[in-house]
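Undergrad: Pasting in a structure now, in structure tokens, and then I'll have a few things to ask.
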Amino acid sequence: IVTKLDVLDHLAEIPVCVGYRAGGAEVTEMPATTKGIEALEPVYESVAGWRTPTNGIASFGELPEEAKAYLKFLESKTGVEVGCVSTGPERNQTMVVPGSRLEQLLGNGRS
22 IVTKLDVLDH
32 LAEIPVCVGY
42 RAGGAEVTEM
52 PATTKGIEAL
62 EPVYESVAGW
72 RTPTNGIASF
82 GELPEEAKAY
92 LKFLESKTGV
102 EVGCVSTGPE
112 RNQTMVVPGS
122 RLEQLLGNGR
132 S
């Protein structure tokens, strides 16, 4: 589930933390404890923003292509499918991603 997609609407470029440098080595997961966390340096990759209002969009197909690419990027980096996206605070501003496992589980075809 990705919430608040609309909060990113004004960004031309979206920095996404994809890992950390620790003592010269790059790691992709946070340490299990906070010991030494202050020495971690975030590693960012940038994704193109869309600079188009998404607030209130209720259909996945209406999202800007750059927003869809951002969601695919998140999937590729986390290894987890995005099944649901919200573009505002209202219930009708939350959409199920077409073809996702969530859509299959719900069995209602809502997109």
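Reading the sequence shown from the start, the letters are residues 22 to 132 in our numbering. No residue lacks a Cβ here, since even glycine has one placed at the ideal position from N, Cα and C.
#1: Between the alpha carbons of residue 135 and residue 103, how many angstroms are there, rounded?
#2: With three or more C-beta pairs closer than 8 angstroms as the rule, is the segment 108 to 118 touching the segment 55 to 63?
#3: Closest by CA to residue 44, which one among 58, 28, 117, 74?
#4: Taking the C-alpha atoms as reference points, what is the distance between residue 86 and residue 47?
#5: In the DSSP assignment, find the alpha helix (DSSP H) that holds residue 47 and state where it starts and stops.
#6: Beta-carbon within less than 6 angstroms of residue 98's beta-carbon, same chain only, minus the 5 sequence neighbours each way: which residues are those?
#7: Would you list the residues sitting across from residue 116 in a DSSP beta bridge?
#8: With burial defined as no fewer than 16 other Cβ atoms inside 10 Å of the residue's Cβ, what is the status of residue 127: buried or exposed?
#9: On the premise that residue 79 lies in contact with residue 116, defined as a C-beta separation below 8 angstroms, what is that separation, rounded to the nearest angstrom?
TA: According to the structure shown:
#1: Outside the modelled stretch of the chain, which goes from 22 to 132, sits residue 135, for which no answer is possible.
#2: no
#3: Position 23 of the sequence shown, counted from the start, is the residue given in the question as residue 44. Answer by Cα proximity: 58.
#4: As a first step, residue 86 must be located in the sequence shown, where it is residue number 65. As a first step, residue 47 must be located in the sequence shown, where it is residue number 26. Roughly 31 angstroms separates the two Cα atoms.
#5: As a position in the sequence shown, residue 47 is number 26, starting the count at 1. Run containing residue 47: none in the alpha helix (DSSP H); it sits in the beta strand (DSSP E), 46 to 48.
#6: One-based indexing of the sequence shown puts residue 98 at position 77. The residues are 39.
#7: If you number the sequence shown from 1, residue 116 lands on position 95. Residue 116 pairs with 106.
#8: Position 106 of the sequence shown holds residue 127. Label assigned to residue 127: exposed.
#9: For the purposes of this step, residue 116 is identified with residue 95 of the sequence shown, where counting begins at 1. For the purposes of this step, residue 79 is identified with residue 58 of the sequence shown, where counting begins at 1. 6 angstroms between Cβ atoms; contact.
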